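What follows is one structure encoded as structure tokens, with my remarks underneath.
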Amino acid sequence: MTLLENWRNLAYGDGTNDKDKETLWTNYFMVEKGIYEQILSNPKEKITCTVKELAEKFHTDVQTITGFLDGINESLTEENPIETMDENTTVNIEIVPERLYYNMVEAKAEWLYNLPQWDNILDAEKRKEIYHAQKISGTVVKPKKIGRNDPCPCGSGKKYKHCCGKNA
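Following the numbering used here, the numbering of the sequence shown begins with 2 at its first residue and continues without gaps.
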């Protein structure tokens, strides 16, 4: 079983009860916040090391760092091979700040996208723009439906049913 399969089974699978999962996620979110604080303190730094070394660097275990890599993978300049990685796989962490912020908003991780480190990376206007772009991406907008007796949108002055709606 790969590290990722192991993590997903532990975090989402049926192998643990709800209380254990809640404890796991509470601990994970605290560790994750600490890791992001360190990464966002120096956002231009590219981290290259093995999974095991990365876990040691951030003072956590391999299991937790696997969950972290699973979450951050889409926000990196180059995705890591998380599906097949083991403890000795070399991973690269070089974030794309806009994409990372967008993904944090998408995940509804308020404790992450409100970190004070973002002030030095993205200005308030840019963060607001990214936040708004993510929120409207999930909103369905239905176009106004033209009724049969409404004026035709082509501008002919005829009713829709006698003009463009005749063939519809």
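All C-beta atoms in this analysis are idealised placements derived from N, C-alpha and C, irrespective of residue type, glycine included.
In this text, all values refer to a predicted model and were calculated from it rather than measured experimentally.
Test: residue i CB closer than 8 Å to a CB of chain D
{"i": "L55", "result": "In summary, chain D is missing from the structure at hand, where a single protein chain is found."}
Buried versus exposed, by CB contacts within 10 Å (16 or more), residue i
{"i": "S76", "result": "buried"}
{"i": "R128", "result": "buried"}
{"i": "N10", "result": "exposed"}
{"i": "T67", "result": "buried"}
{"i": "M2", "result": "exposed"}
{"i": "A56", "result": "buried"}
{"i": "V52", "result": "buried"}
{"i": "I131", "result": "buried"}
{"i": "N104", "result": "buried"}
{"i": "W112", "result": "exposed"}
As assigned by DSSP and simplified to three states, the class of residue i
{"i": "K143", "result": "coil"}
{"i": "N93", "result": "strand"}
{"i": "I48", "result": "strand"}
{"i": "G101", "result": "Strictly speaking, residue 101 in this sequence is Leu, with Gly absent from that position. Correct three-state label for L101: helix."}
{"i": "G14", "result": "coil"}
{"i": "E88", "result": "coil"}
{"i": "E3", "result": "It is Thr, not Glu, that sits at residue 3 in the sequence shown. Looking at T3 - three-state DSSP - the assignment turns out to be coil, as it is neither helix nor strand."}
{"i": "K109", "result": "coil"}
{"i": "D62", "result": "coil"}
{"i": "N115", "result": "coil"}
{"i": "A169", "result": "coil"}
Beta bridge counterpart(s) of residue i as assigned by DSSP
{"i": "K160", "result": "P152"}
{"i": "I83", "result": "BP columns for I83 are empty, so no partner."}
{"i": "L77", "result": "I96"}
Selected residue, minimal CA-CA separation from residue i, among the options
{"i": "M31", "options": "P152, L116 and K162", "result": "L116"}
{"i": "E38", "options": "K167, K145, H133 and Q118", "result": "Q118"}
{"i": "K47", "options": "V92, D62 and T3", "result": "V92"}
{"i": "G35", "options": "N104, M86 and F69", "result": "F69"}
{"i": "G72", "options": "K145, E57 and K109", "result": "K109"}
{"i": "I122", "options": "A56, I40 and W26", "result": "I40"}
{"i": "G139", "options": "P82, E6, C165 and V106", "result": "V106"}
{"i": "N43", "options": "T24, I96, M86 and K58", "result": "I96"}
{"i": "R149", "options": "V141, G156 and Y161", "result": "Y161"}
{"i": "N74", "options": "D62, T90 and I94", "result": "I94"}
{"i": "T24", "options": "K167, C50, C164 and T65", "result": "T65"}
Continuous alpha helix (DSSP H) stretch holding residue i: start and end
{"i": "H133", "result": "A125 to S138"}
{"i": "Q39", "result": "D19 to S42"}
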